[in-house]
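K.L.:
Quick note on numbering: our numbering labels position 7 of the sequence shown as 15, and the sequence is numbered without any gaps. Ideal placement from N, C-alpha and C gives every residue a C-beta, glycine not left out. Everything numeric in this text was worked out from a predicted model, so none of it was measured.
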Amino acid sequence: MEFDWDAIDQAIYGMTPEQYKAYFQQMQSRKLSRIDSIAKKGTFDKTAYDLAQRNINIVQQIC
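In structure tokens:
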């Protein structure tokens, strides 16, 4: 997966705190959806699935 970091930086720097929070929550939701779709295919074992979810949820708690 490739990212356009310049576009991401420009988008983030122009945001209010409320907009950034909404942006971050959308990003987190997309990541969790991707993890769920991979898990539904049966390509994740339970431990890997749990660790991936915890990693995303811990970042939310920190921010």
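Only counting the same chain, and skipping five residues up and downstream in sequence, which positions put a Cβ closer than 8 Å to that of Ala60?
P.N.:
Correct list, in chain order: Ile43, Phe52.
K.L.:
DSSP three-state call for Gly24: helix, strand or coil?
P.N.:
Going by the sequence as given, residue 24 is Thr instead of Gly. Of the three classes helix, strand and coil, the one that applies to Thr24 here is coil, per DSSP.
K.L.:
Under 9 Å, do Lys29 and Ile64 count as touching if we go by C-beta distance?
P.N.:
no
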